[in-house]
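One structure is given below, encoded as structure tokens.
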Amino acid sequence: MIQLKNDDSVNSRARIAFLAQQHSYEMTNFLKSNREFDDDNQEFPENTELYEELFRSIFDYIDRKDFPADQLVTLCADLETDPFLINLIKYDFRLLSTLSEIIPDVLPEFKSYIFQFFSILIQYSKTITETLLENHLLINICRVLLDENIPAKFKIYAAECLHYFASQSKDNILICFNNISIPFNHTIKNKSPISCIIYILSEQMNDEDPIMKEIQALNGKSFETDPEAQKLRKLLLKFLVAIVNTINLPKTQNSAEIVDEILKASLIKNDDLMDLAIYGVSLAADQTKKNSVIFLNFLNTFKNQGYFQYFLNLLDTSPLMSVRSNVLLTFKSILENNKLESEMFINVNFLDHLIHHMEPEENDITRGIAIDLFVILFQSNKEFMQEIIKKEIIQNYLLHYFDESSFLVKKAITIAIYHYLNQIDEPSRLSFFNQYLDLFEKLAGFMMSGISYDEMEIIFNILSMFAFLYKKNNQNDELLKILQEYEILSSVDELIMSEESEFRFLATGFKSFVFEPLEDDE
């Protein structure tokens, strides 16, 4: 007989990882550009003398207490067409340090010019990024972002600089967790760039206003319609989500605050921002499994501050597939990390909410995640298993819709059936097989549809369960008749004759088991 894998092994190797990545790359990661430049390249632009004259003009303007706006616009435009200009800038430390030095003193519009220039430089050169960092890049960014007197439209490039800085390396991301001395409200605050962003988002969402809290409890958070303010808030929220998506959160207070702030943002009544935040919550729920302290803080907030019921309502009502999918992924991560939390789902009759998302009317991605979560539920709690058996959910919602399902959903259903069979005793297993013999016709077709080795192995494990029970009951003739009638044996023979050596091994092993006498366990 084929050696069946234990449940945990199949979980880790073959459970379908349906990820709700319908969001664009730009939505879930740090800003990145297509610009590429080799810091070791020493080539200079042909019109070097003209640029050197331009640099001198910049210094002259600054010496006269004027601002070289036109010159910076020219440099930004030329960098787009002549990346070798970066080498002139790279070795002119005075240009970078002087522009960094005047940021606190120039008008908001001019601060934006400088950060636009810096944002392009950071994309082209790590060497320049290091120079800017030495010249208080992060302090200048935080000062601008925290300044309530600067309009949002003049903060956009500062926020983009932070994104491009973090996108260069994980070390740069971790630097953003370090405290720096930031002039703020006529004092010096020791805050990290991360805590600055969290502070800004919290202030913008009026978390400290008790009247606003009451309104938000009824209607959800909302932002004013200023498109530049919206863009800035999305950049800042996206920065936090990208951190969770990119690194293992360090064991710091900032990490817990990031998760809390993303949770708060999920309440926003703005589809674009709320969608991004829900995705961030699903990432955070999964990521915090690696950090028990942060996970417990997340779980405590999620359960005790109404987020569970809110997410459940989103699952039932949201028209956005990505929101429904990420709500399910959040629930999945919670249960994977702590199966005792299944009680929370039992108390709200969660299966009644979940079943709808396992039907063909649901998007395939969401449906696959729902089936995956369904498996975790019945593995985690006997009450769920009893309800599943009572309502015949496997039969009515998985087998019934198998033929009309997509390839991905068929994989999820096959894996769910395998786990279900592993959870029930042999008499129940035999009864299931006898009642739904057409399962084998479905499996025979699916075997030949280009599945992976892990998925093929699960199918053969299901077939081996069936063959074992019939052989144990001395029903060898009936076994062969069923395997022939539902084209299992012909599919097995086709695999044996195929060029896929891995599949030949599985197929040959199963066929040998079918035709050989059952070994005496004793």
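Start counting the sequence shown at 176; every next residue gets the next number (the numbering used here). Yeah, the Cβ is synthetic: ideal placement off N, Cα and C, and Gly gets one too. Since the model is a prediction, treat every value here as computed from it, not as a measurement.
Distance CB(residue i)-CB(residue j) smaller than 7 Å
i	j	result
Asp-450	Val-498	yes
Glu-653	Lys-586	no
Ser-493	Thr-541	no
Ser-344	Asn-310	no
Ser-441	Ala-431	no
Leu-503	Leu-548	yes
Leu-693	Lys-646	yes
Val-584	Ala-642	no
Leu-670	Phe-680	no
Ile-264	Leu-313	no
Ile-663	Phe-615	yes
Ile-278	Ile-289	yes
Ile-546	Phe-553	no
Phe-219	Phe-259	yes
Phe-700	Phe-483	Residue 700 is absent from the structure shown; the chain starts at 176 and stops at 697.
Val-126	Phe-242	With the chain covering only 176 through 697, there is no way to say anything about residue 126.
Ile-569	Tyr-595	yes
Ile-433	Leu-415	yes
Residue i classed as buried or exposed, judged by whether at least 16 other C-beta atoms fall within 10 angstroms
i	result
Leu-510	buried
Gly-625	exposed
Ser-294	buried
Met-672	exposed
Glu-632	buried
Gln-298	buried
Ile-544	buried
Phe-577	buried
Gln-701	Since the first and last residues shown for the chain are 176 and 697, residue 701 lies out of range.
His-361	exposed
Met-640	buried
Phe-582	exposed
Glu-255	exposed
Leu-515	exposed
Lys-617	buried
Thr-505	buried
Tyr-332	buried
Three-state class that DSSP yields for residue i in the structure shown
i	result
Asn-475	helix
Ser-580	coil
Ser-356	strand
Lys-286	helix
Ile-443	strand
Ile-363	strand
Asn-420	helix
Gly-700	Residue 700 lies beyond the range of the chain shown here (176 to 697); nothing can be said about it.
Leu-693	coil
Leu-206	coil
Thr-683	helix
Val-434	helix
His-594	helix
Leu-455	Note on residue identity: the sequence assigns Gly, not Leu, to residue 455. Three-state result, Gly-455: helix.
Asn-315	helix
Asn-347	helix
Asp-257	coil
Val-281	coil
Ile-375	helix
Asn-538	coil
Glu-323	coil
Asp-450	helix
Leu-247	helix
First through last residue of the alpha helix (DSSP H) which encompasses residue i
i	result
Arg-239	No alpha helix (DSSP H) holds Arg-239; DSSP gives it neither H nor E.
Gln-217	First-last for Gln-217: undefined, no H or E at that position.
Gln-659	651–660
Glu-305	301–309
Leu-489	482–492
Gln-610	601–610
Lys-426	It is not in any alpha helix (DSSP H) - Lys-426 carries neither H nor E in the DSSP assignment.
Phe-643	628–647
Cys-336	331–342
Ile-564	557–566
Met-496	496–512
Leu-698	Only positions 176 to 697 of the chain appear in this structure, which leaves residue 698 out of reach.
Glu-669	663–671
Asp-613	613–622
His-531	No alpha helix (DSSP H) holds His-531; DSSP gives it neither H nor E.
Ile-521	517–521
Q. Okay, do the segment 471–488 and the segment 534–553 touch, 3+ Cβ pairs below 8 Å being the bar?
A. Fewer than three pairs of CB atoms, one per stretch, sit closer than 8 Å, so the segment 471–488 makes no contact with the segment 534–553.
For the segment 368–380 against the segment 228–236, do three or more pairs of beta-carbon atoms, one drawn from each stretch, fall closer than 8 Å, so that the two count as touching? Verdict: no, contact absent.
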